[in-house]
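Counting in the numbering used here, the final residue of the sequence shown is number 199, and the numbers go up one at a time with none missing. Note that the Cβ used here is the ideal one computed from N, Cα and C, for glycine as well.
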Amino acid sequence: MTKTTTPARLPCRLYLITPPAIPDLTAFAARLVEALEGGDVAALQIRLKDVPDVDVRRAVEVLAPLAQARGVAVILNDRADLAKVTGCDGLHLGQQDGSVAEARRLLGPDAMIGVTCHDSRHLAMEAAEAGADYVAFGAFFPTTTKAVDYTASPDVLTIWQETMEIPCVAIGGIDATNAWALAEAGADFVAVSSAVWSHAAGPAEAVRALNAALQA
């Protein structure tokens, strides 16, 4: 996995995450379309917590076609079995959500598999060696989206970018005011949730502002 050359980096892109609960799926689908029409989004992670499987399946059924029709990869959080049966493009695993090897066996060689690695390059290297397609570091800033047990420094992105080949995602409290700093530090993607869904001017404007920040 060690880099032997230093190719030009691709621009840092947005990795969009749903809220942990979606009470009105129809209304949220409309907001998702607004967000995706606001500018470039590389991936959508459907991250629903503590909801029945039937609700996860229904969310994927409604949201995935909207994203995939716009060239946005759809990643399901936690559940390899549901990612398989719902036709998602990939899976995001937390440290307690099963192994990359088992997910790869179930989902196949073309699935995009990412792993949460908190602030640890050691965990990230283990994930890379296991065959993950990307690793996620964070949280970098305070966030209300989920409880923060680990705080990462931008240095972890820089070191990863200098030494490893697979992409890294920065997550945690990211918005248009701080996204560029993480991109500059080495993030290949910045993951955002509340910065888009809670933006006062709406999700399309949030995506526009984030893309503008990344391109500054």
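The stretch 85 to 163 is shown to contain whole alpha helix (DSSP H) runs of 4 or more residues at 104 to 113, 138 to 146, in chain order. Annotation for Gly22: Val190, Arg191, Asn194 place their beta carbon closer than 7 Å to its own, counting only its chain and skipping 5 residues before and after.
Per DSSP, reduced to three states, the secondary structure at Val68 is helical. By the neighbour-count criterion, in which 16 or more other beta carbons inside 10 Å mark a residue as buried, Pro(-6) falls on the exposed side.
If the five residues before and after Val39 are omitted, its C-beta is found closer than 6 Å to the C-beta atoms of Leu31, Leu65, all from its own chain and listed in chain order.
Comparing C-alpha distances from Ala84 to each of Lys67, Glu17, Glu112 shows the shortest one belongs to Glu112. The beta-bridge partner set that DSSP reports for Gly73 consists of Ile58, Met95.
DSSP, reduced to helix, strand and coil, places Gln51 within a helical segment of the structure shown. One Cα belongs to His101, the other to Trp163, and the distance between them is close to 20 Å. Here the C-alpha atom of Pro2 lies approximately 8 Å from the C-alpha atom of Thr128. Met95 has its alpha-carbon roughly 17 Å from the corresponding atom of Ala52. With respect to Ala25, Arg(-4) sits close: the two C-beta atoms are nearer than 8 Å. By the neighbour-count definition (other C-beta atoms within 10 Å, threshold 16), Ala168 is a buried residue. Bridge pairing for Ile0: Gln28 [DSSP].
Its Cα nearest to that of Gly114, the residue Arg88 stands out among Pro137, Ser136, Arg88.
Excluding its 5 nearest sequence neighbours in each direction, Ala42 has C-beta neighbours in its own chain below 8 Å: Thr1, Ile5, Leu8, Ile29, Leu31, listed in chain order. In the DSSP assignment, Ala192 is bridged to no other residue.
Taking Asp158 as the centre and dropping the five residues before and after it, the same chain places the C-beta of Ala178 closer than 6 Å to its C-beta, in chain order. For Ala174, the enclosing beta strand (DSSP E) covers residues 172 to 175.
A Cβ-Cβ contact shorter than 8 Å links Val16 with Leu49.
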